[in-house]
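> First, the structure itself, so that you have it in front of you.
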Amino acid sequence: MTNISYEKLYKEYREKVLAYLKSRVAGAEEAEDICQDVFEQILKSLPRYDAERSSVSTWIYNITRFTLIDYIRTKHEGMPLPENMAVLDDIEEKIIRKETLENLAKVLKAMDREERDIIILRYYKGYTLTEIANLTGISYGMVKVKHKKALKKIGEELK
């Protein structure tokens, strides 16, 4: 369950979804129709959205992509999907990944030094919490608490 409002999602993502669709279909009206279908699907799926599984932008992108594929299949039954669809999807995924990394960098900069160090050591350097405790001189229990607190901050900021 989520506390994200449909109205907020619509305002924030409609233009992005529409631009994505316009780059993949022939006409603006067709893109508008598919965009409407996308947001109907978002409304239906919103109660099942799980922030732990994916970011909102990734979730919306996937709904958009699958709605577009369904639309193309039903409209052009029997015709193959465009070859450039996979290439364009890769580009879109790279853009989403880049935005997420930029947001993560901002969140890390805003954290206190110890929390930031724990996250960097854990996820960028690959150390265990026990190893981090030994490296930093902070007790294992405190490393565990700060790690959990830092992850919670990251999760809240990246929603």
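Following our numbering, the numbering of the sequence shown begins with 3 at its first residue and continues without gaps.
Glycine residues also receive a C-beta, built at the ideal position from the N, C-alpha and C atoms.
Just so you know, these numbers come straight off a predicted model, no measurement behind them.
1. Less than 8 Å between the beta carbons of V109 and T69, yes or no?
2. Mind checking D119: buried by the 16 CB within 10 Å criterion, or exposed?
3. What first and last residue would you give for the alpha helix (DSSP H) that runs through L20?
4. Check M113 in the structure and name its three-state DSSP category.
5. Do I140 and E116 have their C-beta atoms within less than 8 Å of each other?
6. From M113, I62, L137, pick the residue whose C-alpha is nearest to that of K150; which is it?
7. Measure the beta-carbon distance from V58 to L20 and round it to whole angstroms, keeping in mind my assumption that it falls under 8 Å.
8. I need the straight-line Cα distance from K148 to R124, nearest angstrom please.
9. By DSSP, does D119 sit in helix, in strand, or in coil?
The short version:
1. Within the sequence shown, numbered from 1, the residue matching residue 109 stands at position 107. Within the sequence shown, numbered from 1, the residue matching residue 69 stands at position 67. Cβ distance not < 8 Å, so V109 and T69 don't count as in contact.
2. Translated into the one-based positions of the sequence shown, residue 119 becomes position 117. So D119 counts as buried.
3. Position 18 of the sequence shown holds residue 20. First-last of the alpha helix (DSSP H) with L20: 8-24.
4. Locating residue 113 in the sequence shown gives position 111, where the first residue counts as 1. Coil at M113, not helix or strand.
5. Here residue 140 corresponds to residue number 138 of the sequence shown, with the count starting at 1. Here residue 116 corresponds to residue number 114 of the sequence shown, with the count starting at 1. Yes, the Cβ-Cβ distance between I140 and E116 is below 8 Å.
6. The sequence position of residue 150 within the sequence shown is 148, counting from 1. Of M113, I62, L137, the residue nearest in Cα terms is M113.
7. Taking the first residue of the sequence shown as 1, we reach residue 58 at position 56. Taking the first residue of the sequence shown as 1, we reach residue 20 at position 18. Actually they do not touch by this definition, with Cβ atoms about 17 Å apart.
8. The residue given as residue 148 occupies position 146 in the sequence shown. The residue given as residue 124 occupies position 122 in the sequence shown. K148 and R124: Cα-Cα distance of roughly 12 Å.
9. One-based indexing of the sequence shown puts residue 119 at position 117. In the structure shown, D119 sits in a helix (DSSP, three-state: H, G or I).
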